[in-house]
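*Asks:*
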Amino acid sequence: MTAPASVFNSPQLILGTLQRKIMALRRQLSESRRSEQRLRTALQQTERQSQRNEDKHRALISALPDLIIRMTGEGVYLDFFSATTFKTFGSEANMVGRDIYAYFPRDLAELRLHHTRLALETGQFQVYEQDIQVGNELLTEEVRIVVCGDNEVLVIVRDITDRKRIEEELRKSNEELEIRVEQRTRQLRQTVHELKQEVQEREEAEFKLQQLNQVLEENTAQLVDALKQLKQSQLQLIQTEKMSSLGQLVAGVAHEINNPVNFIHGNLTHANDYAQDLLGLVNLYQQHYPNPPQEIEAEIEAIDLNFLAQDMIKLLQSMRLGTDRIREIVLSLRNFSRLDEAEVKQVNLHQGLDSTLTILQNRLKARPEHPEIQVIKEYESLPLVECYAGQLNQVFMNLISNAIDALDESHPGQSDEEIAERPGQISIRTRMVNPDWVAIQIADNGPGISAEIQSRLFDPFFTTKAVGKGTGLGLSISNQIVTEKHGGKLYCTSEPGQGTAFVIEIPVRQLQAADT
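For the sequence shown, our numbering assigns the number 762 to the initial residue and increments by one for each residue that follows.
#1: How many angstroms separate the CA atom of Gln805 from the CA atom of Leu1168?
#2: Under a three-way DSSP split, which group does His954 fall into?
#3: Any idea what DSSP makes of Ile1111, helix, strand or coil?
#4: Quick test of your reading: Gln1152 and Ile1210, contact by CB under 8 Å. State the CB separation rounded to the nearest angstrom.
#5: Assuming Cys1253 and Gln1202 form a contact by the criterion Cβ under 8 Å, report the distance between their Cβ atoms to the nearest whole angstrom.
#6: Under 6 Å Cβ to Cβ from Ser1171, same chain only, skipping five residues before and after it: list those, please.
#7: Which stretch, first to last residue, makes up the alpha helix (DSSP H) that contains Asp868?
#8: Taking the straight line between their C-alpha atoms, what separation do you get for Val1108 and Leu1114?
#9: Identify every run of the beta strand (DSSP E) within the segment 889-957, keeping only runs that are complete inside it and at least 3 residues long; order them along the chain.
#10: Distance check for Leu1143 and Ile1267, CA to CA, integer angstroms please.
#11: Going by Cα to Cα distance, which pick from Gln1271, Gly1258, Ser1255 is closest to Glu1245?
#12: Hey, could you find the ends of the alpha helix (DSSP H) Glu1058 is sitting in?
#13: Pull up the distance between the alpha-carbon of Gln1259 and that of Arg1183, whole angstroms please.
#14: Quick one: give me the first and last residue of the beta strand (DSSP E) that Leu1121 is part of.
#15: Looking at the strands, I want to know which residues DSSP matches up with Met1193.
#16: Put Tyr1140 into one of helix, strand or coil per three-state DSSP.
#17: Out of Glu967, Gln944, Phe1068, which has the shortest C-alpha to C-alpha gap to Tyr1046?
#18: For the putative contact between Asp892 and Thr901, defined by C-beta atoms under 8 Å, what is the C-beta separation to the nearest angstrom?
#19: How should Phe1068 be labelled, buried or exposed, when 16 other C-beta atoms within 10 angstroms of its C-beta is the threshold for buried?
#20: Which partner residues does Leu1251 have in the DSSP bridge list?
#21: Measure the C-alpha to C-alpha separation of Ile1164 and Ser1188 and round it to an integer number of angstroms.
#22: Who pairs with Tyr838 in a beta bridge, going by DSSP?
#23: By alpha-carbon positions, which one of His875, Ser796, Arg867, Thr802 ends up nearest to Thr833?
#24: Going by Cα to Cα distance, which pick from Arg932, Asn912, Thr1191 is closest to Glu1141?
#25: Ordered along the chain, which non-local residues of its own chain (more than five positions away) have a Cβ less than 7 Å from that of Asp860?
#26: Skipping 5 residues on each side, what residues in its chain have a beta carbon closer than 8 Å to that of Ala1063?
#27: With a threshold of 6 Å on Cβ separation, who are the neighbours of Ala1127 within its own chain once the five nearest residues in sequence on each side are excluded?
#28: Determine the direct distance from the alpha carbon of Val1199 to that of Gly1185, and round the result to whole angstroms.
#29: Going by DSSP in three states, Val857 sits in which element: helix, strand or coil?
#30: Helix, strand or coil, according to DSSP, for Val1105 in the structure here?
#31: I need the boundaries of the beta strand (DSSP E) containing Glu1147, first residue and last residue.
#32: If you count every other CB in all the chains shown that lies within 10 Å of the CB of Gly777, and 16 or more means buried, which is it?
#33: Is the Cβ-Cβ distance between Val907 and Arg873 less than 9 Å?
#34: Can you tell me whether Ala1015 is buried or exposed, with buried defined as 16 or more other CB within 10 angstroms of its CB?
#35: My output table needs one value for Gln975: the three-state DSSP class, helix, strand or coil.
#36: Output the distance between the C-alpha atoms of Gln887 and Lys1106, rounded to the nearest integer angstrom.
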């Protein structure tokens, strides 16, 4: 069967069909070209962004004072980023693709591969130190190895030669200072012994003088003059002793402040007894010789002997209070620093808080620029807590100092009536969260912190203080000490105008922190 002749013999129909198909093909081709152009543009943008990211990362790595190497578990170098000051290797082109044995002696190369295998097997980063000879210089390097892929590690090398040298110089300096302090201590003991002998001789002379006075009443004028000379000699001796002791104490006060304070504190009792004896002797003279010569009477009025006798006892009592205060501050400083407790130990957290408050006492007192800050302590009964005491005290110091700063900033612009109605307060509360955890809350009634700022409080270098007032590292370091060193929590609750509270939660035993 054949088609009608009219269908095949119509050029217009065929031409129209072909034109429609051609137009459709042209539209498809145009759309394909536009899609291709969009893809090409997107690809170029992606390549430019990738190049910018790579340039930024390389600039960042170049700014680090470290040597960074990416290598395989067999010691073949894949990438190499070297700080301009690093002396161990040459250019990147000479190093990439080469074996570790090409750059290190066998013992150092095998040590590097050993730690590399440990990192790959355990998944934990490895740290060790090595000495390497570069030219005529012996360098000390700290090496950190971190797994970065399948059978690949990042090796981060830092030159710590200068740090080691400074540590050695510091150790030698400390040894020399200890020797000098010991020498000063021996000299001080010898001086004290000699002074005791002189004081004993003076006391014997006073006793003999008293006996002589009872026998030789007719020589009253001469005896009183002798007493006057004796008192002058004693004052000169005491002044000489003070100046001598002061010179020795000033030279060694940074290292031996506790020893001289204890020495002074212990001898104040004897000084008080001596003063009582001398004043009793003077009173006895006045009773037996109520009418002394005119010259002595004039001198008594000139020095106001009655006031002198009363004020001397008060003076000795105030000196005892002062030495008690110094001993308290020294004890607080020792409790605060805890230099002898670098490892985890069981400590009383309340002692650490009280020591910190003692150190900051001067900032809490009223001063012309701000009123007194009240401290409210609400301590619950806590067990001894296993912690790094010195580091935890540093956290207490940061949080309490920040609370003081917040209160200081809130007072300018307030009237005396406003301050009296709402005085600055810092409250410190301790409690048991549960049998295994304790909490310490340090709160103030200052201006508070906005939610936006709270989200960045623990970011390194973030601070709301003026330039020169803070580094922005206090809360970041505190958070690291609490969370990483003690396995605890540090968080903040605050609302603008309602004050701020920081809460520390740590386990009673550090084994619990490791288990969690």
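Note that beta-carbon positions come from the ideal geometry of N, C-alpha and C, so glycine has one too.
*Replies:* Result, derived from the coordinates:
#1: Taking the CA atoms as reference points, Gln805 sits about 55 Å from Leu1168.
#2: If DSSP states are grouped into helix, strand and coil, His954 belongs with the helices.
#3: One point to set straight first is that residue 1111 is His, not Ile, in the sequence displayed. For His1111, the three-state secondary structure derived from DSSP is helix.
#4: Wrong, their Cβ atoms sit about 24 Å apart, outside the cutoff.
#5: In fact, because the Cβ distance is near 11 Å, the residues do not count as touching under 8 Å.
#6: Closer than 6 Å at the Cβ level, and outside the excluded window around Ser1171, lie Gly1207, Pro1208.
#7: Element bounds for Asp868: 867-883.
#8: Approximately 11 Å between the Cα atoms of the pair.
#9: With a minimum length of 3 residues, the continuous beta strand (DSSP E) runs that stay inside the segment 889-957 are 898-910, 913-920.
#10: Distance between the alpha carbons of Ile1267 and Leu1143: 12 Å.
#11: The shortest C-alpha separation from Glu1245 is found at Gln1271.
#12: Residues 1055-1064.
#13: Computed Cα separation, rounded: 12 Å.
#14: Element bounds for Leu1121: n/a, residue is neither H nor E.
#15: Met1193 is bridged to Val1199.
#16: Reduced to three states, the DSSP call for Tyr1140 is strand.
#17: Ranking Glu967, Gln944, Phe1068 by Cα distance to Tyr1046 puts Glu967 first.
#18: Contact between Asp892 and Thr901 holds, with the beta-carbon distance rounding to 5 Å and staying under 8 Å.
#19: Burial is judged here by how many other beta carbons sit within 10 angstroms of a residue's own beta carbon; Phe1068 has fewer than 16 and is exposed.
#20: Note: Leu1251 sits in a beta bridge opposite Ile1265.
#21: Inspection of the sequence shows that residue 1164 is occupied by Ala rather than by Ile. For the pair Ala1164 and Ser1188, the Cα-to-Cα distance works out to about 10 Å.
#22: DSSP output for Tyr838 lists Met832 as bridge partner(s).
#23: If we check each option's Cα against that of Thr833, His875 comes out closest.
#24: It is Thr1191 whose Cα lies nearest to the Cα of Glu1141.
#25: Non-local C-beta neighbours of Asp860 in its own chain, meaning closer than 7 Å and more than five positions away in sequence, comprise Gly836, Val837, ordered along the chain.
#26: Closer than 8 Å at Cβ, skipping near neighbours: no residue.
#27: Within the same chain, Ala1127 has close Cβ partners Glu1133.
#28: The alpha-carbon atoms of Gly1185 and Val1199 are separated by roughly 27 Å.
#29: DSSP, reduced to helix, strand and coil, places Val857 outside both helices and strands of the structure shown, so it counts as coil.
#30: Correct three-state label for Val1105: coil.
#31: Judged by DSSP secondary structure, Glu1147 falls within the beta strand (DSSP E) whose first and last residues are 1146-1148.
#32: Using a 10 angstroms sphere on the CB of Gly777, the tally of other CB atoms stays under 16, which defines it as exposed.
#33: In this structure, the beta-carbon distance from Val907 to Arg873 does not fall below 9 Å.
#34: Because the pLDDT of Ala1015 is 35, which lies under 50, any placement of that residue in the model is unreliable, and the number read from its coordinates should be weighed accordingly. By the neighbour-count rule (16 or more Cβ atoms within 10 Å), Ala1015 is not buried but exposed.
#35: If DSSP states are grouped into helix, strand and coil, Gln975 belongs with the helices.
#36: So the alpha carbons of these two residues sit roughly 27 Å apart.
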